[in-house]
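Participant: Sharing a structure with you now.
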Amino acid sequence: MILYLNGVDKVIELSTHFCSFEYFLIRKKVILLTSIKPKRIHIIGSVGSGKTTLARQLSKSLQIPFYELDNIVWTRSKQGDIRNRPDVRDQKLAAIVQGNEWIIEGVHHTWVQDSFKKADLIIFLDTSFSKRKYRIIKRFILQKLKMEKSNYKPSIKIFIKMFEWNRHFEHISKHEILHILEVYQEKLKIIKEPIELLTYIDMTR
């Protein structure tokens, strides 16, 4: 399948490899219109929205390292995760955003202004509430069956917490985030599904 837009000559070929998100499958190679080529990307969205999957796929396609904000908030340990002090957390984030290329993903929005400011592109992954609930359940089952890795030990307590976080995001955090991002409209992309990025980001290196 070939997509053409009037007056535009430059197109790129995007292989099936990048298109293998868990949400959709494109079996044939697709020729897509080139658009922007960001080097610093911030992805924000609720638990279960698909942030990490999207960050991982973009990282692989663009050859840019990606970082999970949860791993900045927490120091991971077999004995149990330890929450970093705010100053330690902020130093870790500052060290990352000083770089020329990065993809940062997470739900956090109250202490990541430096990342928003320095990002070339901010992606707000606004996946539906019901789809996020489904993914939370699916993820928990796969993690308990050891079919999917996680940065934390999956437990019933965390499982229940995720539903609480999901509701809090829908009714409170989402509105706070959209308010914060109003000043970044020129580089903000709000999407429901990752496939919406396929005609927006130039995946060539």
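Residue numbers (the numbering used here): 48 to 252. Beta carbons are placed, not taken as given, at the ideal position from N, Cα and C, and that holds for glycine.
Is the number of C-beta pairs between the region 144 to 154 and the region 105 to 116 that are closer than 8 Å three or more?
Facilitator: yes
Participant: At a cut of 8 Å, does the region 160 to 171 reach the region 82 to 99 through at least three beta carbon pairs?
Facilitator: yes
Participant: Is K185 helix, strand or coil by DSSP?
Facilitator: Against the sequence shown, residue 185 aligns to sequence position 138. Assignment of K185 by DSSP, reduced to helix, strand and coil, places it in the helix class.
Participant: For K236, which residues does DSSP report across the bridge?
Facilitator: Numbered from 1 along the sequence shown, position 189 holds the residue referred to as residue 236. Per DSSP, I170.
Participant: Tell whether a beta-carbon distance below 8 Å holds between P241 and L109.
Facilitator: Here residue 241 refers to the residue found at position 194 when the sequence shown is read from its first residue. Here residue 109 refers to the residue found at position 62 when the sequence shown is read from its first residue. No. Outside cutoff.
Participant: Considering only their Cβ atoms, is the gap separating N131 from V144 smaller than 8 Å?
Facilitator: Counting from one through the sequence shown, the residue named residue 144 turns up at place 97. Counting from one through the sequence shown, the residue named residue 131 turns up at place 84. Cβ distance not < 8 Å, so V144 and N131 don't count as in contact.
Participant: Rounding to the nearest angstrom, what Cα-Cα distance links E217 and F210 in this structure?
Facilitator: Counted from its first residue, the sequence shown places residue 217 at position 170. Counted from its first residue, the sequence shown places residue 210 at position 163. Taking the straight line joining both Cα atoms gives about 11 Å.
Participant: Going by other Cβ atoms of all chains shown within 10 Å of its Cβ, with 16 needed for buried, is K204 buried or exposed?
Facilitator: Within the sequence shown, the letter at position 157 stands for residue 204. Exposed: under 16 other Cβ atoms inside 10 Å.
Participant: Can you say whether A141 is buried or exposed, counting buried as having 16 or more other CB atoms within 10 angstroms of its CB?
Facilitator: Position 94 of the sequence shown, counting from 1, holds the residue named residue 141. Answer is exposed; the Cβ neighbour count stays below 16.
Participant: Leaving aside the five residues before and after E195 along the sequence, list all residues of the same chain whose C-beta is less than 7 Å from its C-beta, in chain order.
Facilitator: On the sequence shown, position 148 is the one that residue 195 refers to. Closer than 7 Å at Cβ, skipping near neighbours: R186, L189.
Participant: Should R182 go down as buried or exposed, given a rule of 16 or more other Cβ atoms within 10 Å for buried?
Facilitator: As a position in the sequence shown, residue 182 is number 135, starting the count at 1. R182 should be labelled buried.
Participant: How many Å lie between D134 and S175 at the Cα?
Facilitator: Here residue 134 refers to the residue found at position 87 when the sequence shown is read from its first residue. Here residue 175 refers to the residue found at position 128 when the sequence shown is read from its first residue. Looking at the two C-alpha atoms, the distance is approximately 34 Å.
Participant: Considering only their Cβ atoms, is the gap separating G95 from K221 smaller than 8 Å?
Facilitator: Here residue 221 corresponds to residue number 174 of the sequence shown, with the count starting at 1. Here residue 95 corresponds to residue number 48 of the sequence shown, with the count starting at 1. Not in contact: K221 and G95 (Cβ atoms no closer than 8 Å).
Participant: Does DSSP put Y199 in a helix, in a strand, or in coil?
Facilitator: Walking along the sequence shown from the start, residue 199 turns up at place 152. Coil, per DSSP.
Participant: Give the list of continuous alpha helix (DSSP H) stretches no shorter than 4 residues that lie fully inside the region 116 to 170.
Facilitator: 117 to 120, 133 to 144, 160 to 165
Participant: Please report the Cβ distance between H155 and E223, rounded to the nearest whole angstrom; I am assuming they are in contact, meaning their Cβ atoms lie under 8 Å.
Facilitator: For the purposes of this step, residue 155 is taken as residue 108 along the sequence shown, with counting starting at 1. For the purposes of this step, residue 223 is taken as residue 176 along the sequence shown, with counting starting at 1. Contact flag wrong, Cβ pair sits at about 11 Å.
Participant: Taking Cβ to Cβ, would you say Y199 is nearer than 8 Å to D128?
Facilitator: If you number the sequence shown from 1, residue 199 lands on position 152. If you number the sequence shown from 1, residue 128 lands on position 81. Yes, these two residues count as a Cβ contact at 8 Å.
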